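Engineer: Sending over a structure as structure tokens; questions will come in a sec.
Chains as they are written, first to last, in my numbering: chain Y, 1 to 187; chain A, 188 to 479.
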């Protein structure tokens, strides 16, 4: 794998850190008045999702990570695994429940997700920013209510629970912002 | 918009001049073109070629700081002086570092670093920076934010700490490790102390400051976590300066960096030592960004 010098660091570059693939979020050069320049680098660990900050001295090298991001279409869940397909090559990817666990409530059949592969293995999935989900269960709807500060919890057909306005009823389709797990409007 | 920015800068520089006028600190201008490059290990001079006569060229350097030229004046009896000038440094880039920036440098005779910090607090107040003032020693901040007894920890132990944090340990000199740990563990926390002076540095980081009671009599000013000023209780004798220059050049040699000629014109002015004085360099651009 290629090595990258600190001077080549830029946002989005994928590197190996503590044997996990990480993506650079921010790279800041810090130079003490009388000292050597250092780079303070903020990383996102692509496996754990955690953000970490490391400091390197100029001239150091880090190994690149063999990470690829693919736009894959979610097909179906067969009970054990989640099946995705590359809509261009029709190649299928079978992804286990651990990798999917944090986002499975946002997986809607036919939606295009970003799947991150490391050494050809899927390590994380990013669903679209907005998905359309159906309300599976909630208290009965009230007419005339508008979006207010208060709402009510609703369980979606995928299992996620979020606050919705009072007028939403079972069977309604709603738009959900997957980044913050919030109601984003009627579908 | 640009005019508003220019007006703000003009106003602040006027206030700085007013402050020094009231204190009878004299404004000076010293040569920007130098015959020698800086000996600072981690600062590089920008060189240029000058035609001294038809066909005869000489290499000169833009000053990286007006320090030595101002000290020549102090040695000759100038009294308290200040200067606002552009300085030039090679290989500096980043969010807070540029190849050219404006520096305010001033020297007060008879002051120690605590008197100089008090003087700076007055200057900052005049410029509208009125936050609560924190004054902490280097040892205190390390103890508080990193739980390290920095003055009594040797290089081997610092390497172990750095290694546990996943940081570089490939350093020959202890000061580099101290600075790395400072940058990594302490500096991010200084954002919580909007106006903070850090003083009494490890003697390994003394540079041109006096060492007393095992610590270098230096301070740095941090505004919202950004280093803005660097102050020293200045060395006074020719021998002390000569020793520092030789030591720094030896370090430059190890990095295969340009070795600076010893500034003979500076040392020759020190046949009589400098008067007891403290001096501070303040980054004007960084300061401006902190003033509303």
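Every residue gets a Cβ at the ideal spot worked out from N, C-alpha and C, and that includes glycine.
The structure presented is a predicted model; accordingly, all values stated were derived computationally and were not measured.
Starting from residue 154 of chain Y and walking both ways along the alpha helix (DSSP H), at which residues does that stretch end?
Structural biologist: The residue given as residue 154 of chain Y occupies position 154 in the first chain. It is not in any alpha helix (DSSP H) - residue 154 of chain Y instead sits in the beta strand (DSSP E) that spans 152-156.
Engineer: Using DSSP bridges, identify the partner residues of residue 236 of chain A.
Structural biologist: As a first step, residue 236 of chain A must be located in the second chain, where it is residue number 49. The partner list for residue 236 of chain A (beta bridge, DSSP) reads A/246.
Engineer: With DSSP as the reference, label residue 307 of chain A as helix, strand or coil.
Structural biologist: Here residue 307 of chain A is taken as the residue at index 120 of the second chain, counted from 1. Here residue 307 of chain A sits in helix by DSSP.
Engineer: Report yes or no: is there a C-beta of chain A within less than 7 Å of the C-beta of residue 50 of chain Y?
Structural biologist: On the first chain, position 50 is the one that residue 50 of chain Y refers to. By this cut-off, residue 50 of chain Y is not an interface position.
Engineer: Thinking C-beta only, is residue 46 of chain Y closer than 7 Å to residue 116 of chain Y?
Structural biologist: In the first chain, residue 116 of chain Y corresponds to position 116, counting from 1. In the first chain, residue 46 of chain Y corresponds to position 46, counting from 1. Going by C-beta atoms, residue 116 of chain Y is nearer than 7 Å to residue 46 of chain Y.
Engineer: How about residue 191 of chain Y: is its C-beta nearer than 7 Å to some C-beta of chain A?
Structural biologist: Residue numbering for chain Y in the displayed model covers 1 to 187; residue 191 of chain Y lies beyond these limits and cannot be assessed.
Engineer: Is the Cβ of residue 38 of chain Y closer than 7 Å to any Cβ of chain A?
Structural biologist: As a position in the first chain, residue 38 of chain Y is number 38, starting the count at 1. Chain A contact via Cβ: present.
Engineer: Give me the subset of the segment 271-284 of chain A whose CB atoms are less than 9 Å from a CB atom of chain Y, sorted by chain position.
Structural biologist: So the list reads 278, 279, 280, 281, 282, 283, 284, given in the order they occur along the chain.
Engineer: Taking only beta-carbon positions, decide if residue 386 of chain A is within less than 7 Å of chain Y.
Structural biologist: Locating residue 386 of chain A in the second chain gives position 199, counting from the first residue. Chain Y, which has no Cβ nearer than 7 Å to the Cβ of residue 386 of chain A, makes this no.
Engineer: State the Cα-Cα distance for the pair residue 74 of chain Y and residue 35 of chain Y, rounded to the nearest angstrom.
Structural biologist: Along the first chain, read from residue 1 onward, the residue named residue 74 of chain Y stands at position 74. Along the first chain, read from residue 1 onward, the residue named residue 35 of chain Y stands at position 35. Taking the straight line from one Cα to the other gives about 52 Å.
Engineer: What residue range is occupied by the uninterrupted beta strand (DSSP E) comprising residue 137 of chain Y?
Structural biologist: On the first chain, position 137 is the one that residue 137 of chain Y refers to. 130-138 is the extent of the beta strand (DSSP E) around residue 137 of chain Y.
Engineer: Using CA atoms only, rank isn't needed, just tell me which of A/404, A/237, A/410, A/207 is closest to residue 249 of chain A.
Structural biologist: The residue given as residue 249 of chain A occupies position 62 in the second chain. Comparing Cα positions, the closest option is A/237.
Engineer: At 8 Å on the CB atoms, spell out the chain Y contacts of residue 240 of chain A, in chain order.
Structural biologist: For the purposes of this step, residue 240 of chain A is taken as residue 53 along the second chain, with counting starting at 1. Under the 8 Å cutoff, chain Y gives no residues; its nearest Cβ is about 38 Å from residue 240 of chain A.
Engineer: Give me, in chain order, the residues of the same chain whose beta-carbon lies closer than 8 Å to that of residue 299 of chain A; leave out the 5 immediate sequence neighbours on both sides.
Structural biologist: The count along the second chain starts at 1 and reaches residue 299 of chain A at position 112. The answer, listed in chain order, is 404, 420, 465.
Engineer: Under 7 Å between the Cβ atoms of residue 55 of chain Y and residue 370 of chain A?
Structural biologist: Indexing the first chain from 1 puts residue 55 of chain Y at position 55. Indexing the second chain from 1 puts residue 370 of chain A at position 183. For residue 55 of chain Y and residue 370 of chain A, yes; Cβs fall inside 7 Å.
Engineer: Looking only at its chain, what residues have a beta carbon closer than 6 Å to the beta carbon of residue 277 of chain A, apart from the 5 residues adjacent to it on each side?
Structural biologist: The residue given as residue 277 of chain A occupies position 90 in the second chain. So the list reads 231, 233, once near-sequence residues are dropped.
Engineer: How is residue 23 of chain Y classed by DSSP in three states: helix, strand or coil?
Structural biologist: For this step, residue 23 of chain Y is matched to residue 23 along the first chain. Three-state DSSP puts residue 23 of chain Y in a strand.
Engineer: Give the residues of chain A in contact with residue 18 of chain Y, contact being defined as C-beta atoms less than 7 Å apart.
Structural biologist: As a first step, residue 18 of chain Y must be located in the first chain, where it is residue number 18. The contacting residues are 353.
Engineer: Could you check whether residue 308 of chain A and residue 320 of chain A sit closer than 7 Å to each other, using their CB atoms as the reference points?
Structural biologist: Position 133 of the second chain, counted from the start, is the residue given in the question as residue 320 of chain A. Position 121 of the second chain, counted from the start, is the residue given in the question as residue 308 of chain A. A contact, by the Cβ cut-off of 7 Å.
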